[in-house]
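**Student:** Heads up, the final residue of the sequence shown is numbered 403 in this note's numbering, and it's a clean run with no missing numbers. In this text, a Cβ means the ideal position worked out from N, Cα and C, and glycines have one as well.
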Amino acid sequence: SADTAMYYAKANGGDNYQFFGKEMNTRAVERHFIEGHLRQALDAQEFVLHYQPLVNLQSGRITGAEALLRWNSADRGLVFPPDFITVAEDSGLIVPIGRWVLLEACTQGRRWLHAGLPPVSIAVNISAVEFRRRDFLEGVRSIIEGTGFDPGFLQLEITESALMQDAKAGAAILRELKKLGVQIALDDFGTGYSSLSYLKQFPIDILKIDKSFVQDIDGGNDDGIIVSAVIAMGNSLKKRVVAEGIENAAQLGFLHGLSCEEGQGYLFSRPVTSDALAHLLANGLPLRPADPAMPHSEM
Ligand code: C2E
Ligand code: MG
Ligand code: MG
Ligand code: MG
105 SADTAMYYAK ANGGDNYQFF GKEMNTRAVE RHFIEGHLRQ ALDAQEFVLH
155 YQPLVNLQSG RITGAEALLR WNSADRGLVF PPDFITVAED SGLIVPIGRW
205 VLLEACTQGR RWLHAGLPPV SIAVNISAVE FRRRDFLEGV RSIIEGTGFD
255 PGFLQLEITE SALMQDAKAG AAILRELKKL GVQIALDDFG TGYSSLSYLK
305 QFPIDILKID KSFVQDIDGG NDDGIIVSAV IAMGNSLKKR VVAEGIENAA
355 QLGFLHGLSC EEGQGYLFSR PVTSDALAHL LANGLPLRPA DPAMPHSEM
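What follows is the structure in structure tokens.
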């Protein structure tokens, strides 16, 4: 943060500007590198989707999966979204990347059904940059038609901030999406600025409680109070409530006590490859809370 930089600057005496300068320069070089390689990554088919199961917290049964983008870079190995999504958004590359994600997720969903696996919904994250584009709706419509994936099993995850940039326009886009038959989830709920009145006004099906709240619940603190209020509100507005980032049994127990029906997190499963998810669906067994410290390819 700027404060930390200032602190180091003072500690280093006269070298403060140089310190800052070097730091900024490294970032710029890094961004430049990522942007240059992101451009080729689509053509080189270096993107891959991993899928994290969503489970019914009572039964442990898989109700859906969230598609999460990974970049399998020839130079750098597996790169995770926090290291490239912002660059992709700033450069506009998120638009073709996002289209690929949606197409791949719907194609995969269709393949699983054809293979005779039980139907589960697939959630896809939509960037604010994609959401605001005029051709977004048309893109979603053509991918649904082209793949034949049942839109009732497609969940589009949109953040509060993406909606709030222009609430009126956002509401209109959501209404059009609902006409296509897709489900709408409000992702990272609690970290944005939405008010209760907005929640009523938008055709939102699912609230996903941000993992930062789930991670700090232990019954007594503010995060626990916020989570319990969101669950109660979601339930009374007849929305499905999903808790993100469940890592341990204490968090699960707390959510259980508040009648939160669904969740996802390392406690049940990390994001896994499409093949691994197909195996989980095929054996049909409920996911039992695992030790999140268990070694895994996505660590
Ligand atoms: P998100 O949509 O909130 O996705 C959940 C993130 O939490 C994922 O991180 C997931 O791996 C991580 N997670 C799941 N369970 C746990 C847990 O128990 N503990 C912890 N600490 N983390 C957990 P990931 O895959 O690194 O993605 C980060 C963010 O990048 C996503 O947050 C989403 O906003 C964005 N993203 C991912 N894939 C896409 C995509 O295809 N398109 C767009 N536009 N954004 C994406
Ligand atoms: Mg998400
Ligand atoms: Mg998201
Ligand atoms: Mg989230």
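So, using beta-carbon positions, are residue 315 and residue 349 closer together than 9 Å?
**Tutor:** Against a cut-off of 9 Å, the Cβ pair of residue 349 and residue 315 comes out as a contact.
**Student:** Quick check: is any heavy atom of ligand 4 less than 8 Å from the C-beta of residue 320?
**Tutor:** No, the Cβ of residue 320 stays beyond 8 Å of every heavy atom of ligand 4.
**Student:** Report the three-state DSSP secondary structure of residue 224 (helix, strand or coil).
**Tutor:** Three-state result, residue 224: coil.
**Student:** I'd like to know if residue 201 contacts chain C, where contact means its C-beta is closer than 9 Å to some C-beta of that chain.
**Tutor:** Given the protein chain composition of this structure (a single chain), no chain C is represented.
**Student:** Does residue 246 pass the burial test, meaning 16 or more other C-beta atoms within 10 Å, or should it be called exposed?
**Tutor:** Exposed: under 16 other Cβ atoms inside 10 Å.
**Student:** If we ignore side chains and look at the alpha-carbon of each, how far apart do residue 330 and residue 313 end up?
**Tutor:** Distance between the alpha carbons of residue 330 and residue 313: 10 Å.
**Student:** Strictly closer than 7 Å from CB to any heavy atom of ligand 4: give me those residues in the order they appear in the chain.
**Tutor:** So the residues near ligand 4 by this Cβ test are 291, 292, 312, 314, 315, 348.
**Student:** Near residue 171, which residues of its chain fall below 7 Å by C-beta distance, leaving aside the five closest residues on each side in sequence?
**Tutor:** Result list for residue 171: 153, 155, 205, 209, 226, 227, 228, in chain order.
**Student:** Restricting to Cα atoms, I'd like to know which of 291, 254, 234, 305 is closest to residue 279.
**Tutor:** Of the candidates 291, 254, 234, 305, the one whose C-alpha sits nearest the C-alpha of residue 279 is 305.
**Student:** Please identify the residue among 390, 311, 262 whose C-alpha is closest to the C-alpha of residue 234.
**Tutor:** Selected option, being the one with the closest Cα: 262.
**Student:** Inspect the CB distances between the region 248-268 and the region 285-298 and report whether three or more fall short of 8 Å.
**Tutor:** With the cut-off at 8 Å, the region 248-268 and the region 285-298 touch.
**Student:** For a test of the three-state rule: what should DSSP assign to residue 74, helix, strand or coil?
**Tutor:** Because residue 74 is not part of the residues shown, which for the chain are 105 to 403, the question remains open.
**Student:** Which one or two residues does DSSP pair with residue 311 in a beta bridge?
**Tutor:** DSSP output for residue 311 lists 290, 345 as bridge partner(s).
**Student:** Using DSSP with H/G/I as helix, E/B as strand and the rest coil, what is residue 142?
**Tutor:** In this structure, residue 142 counts as helix in the three-state DSSP scheme.
**Student:** Which residues bound the beta strand (DSSP E) around residue 177?
**Tutor:** Per DSSP, residue 177 belongs to the beta strand (DSSP E) from 166-177.
**Student:** Starting from the C-beta of residue 285, find all residues in its chain whose C-beta is less than 7 Å away, skip the five residues before and the five after it, and write them out in chain order.
**Tutor:** Contacts found: 255, 256.
**Student:** Out of 340, 193, 346, 187, state which residue places its alpha-carbon closest to the alpha-carbon of residue 168.
**Tutor:** Of the candidates 340, 193, 346, 187, the one whose C-alpha sits nearest the C-alpha of residue 168 is 346.
**Student:** Mapping the DSSP letters down to three states, classify residue 361 as helix, strand or coil.
**Tutor:** Residue 361 falls in the helix class under three-state DSSP.
**Student:** Assign residue 374 to one of two classes, buried (16 or more other C-beta atoms within 10 Å of its C-beta) or exposed (fewer than that).
**Tutor:** Flag for residue 374 reads buried.
**Student:** Residue 270: buried (16+ other C-beta within 10 angstroms of its C-beta) or exposed?
**Tutor:** Looking at its Cβ environment, which holds fewer than 16 other Cβ atoms inside 10 Å, residue 270 is exposed.
**Student:** Whose C-beta lies closer than 7 Å to the C-beta of residue 105 among residues of the same chain, with five residues either side of it excluded?
**Tutor:** For residue 105, the predicted model reports a pLDDT of 38, less than 50, meaning its position is unreliable and no value from the coordinates is stated.
**Student:** Mind checking whether the beta-carbon of residue 357 lies closer than 8 Å to any heavy atom of ligand 1?
**Tutor:** No, since every heavy atom of ligand 1 falls outside the 8 Å radius drawn around the Cβ of residue 357.
**Student:** Quick one: is residue 368 buried, meaning 16 or more other Cβ sit within 10 Å of its Cβ, or exposed?
**Tutor:** With 16 or more Cβ atoms within 10 Å of its Cβ, residue 368 is classed as buried.
**Student:** Suppose you measure from the CA of residue 301 to the CA of residue 320; what does that come to, to the nearest Å?
**Tutor:** Each residue's alpha carbon lies about 27 Å from the other.
**Student:** By a C-beta neighbour count over all protein chains shown, 10 Å radius and 16 as the cutoff for buried, is residue 231 buried or exposed?
**Tutor:** Residue 231 is buried by the Cβ-count criterion.
**Student:** By how many angstroms is the C-alpha of residue 130 removed from the C-alpha of residue 121?
**Tutor:** For residue 121, the pLDDT reaches just 42, beneath the cut-off of 50, and the residue's location in the model is therefore unreliable, although a value from the coordinates is still provided. Their Cα atoms are separated by approximately 14 Å.
**Student:** Rounded to whole angstroms, how far is the Cβ of residue 164 from the Cβ of residue 344, which I believe are closer than 8 Å?
**Tutor:** In fact, because the Cβ distance is near 17 Å, the residues do not count as touching under 8 Å.
**Student:** Could you give the first and the last residue of the continuous alpha helix (DSSP H) run that contains residue 267?
**Tutor:** Element bounds for residue 267: 264-268.
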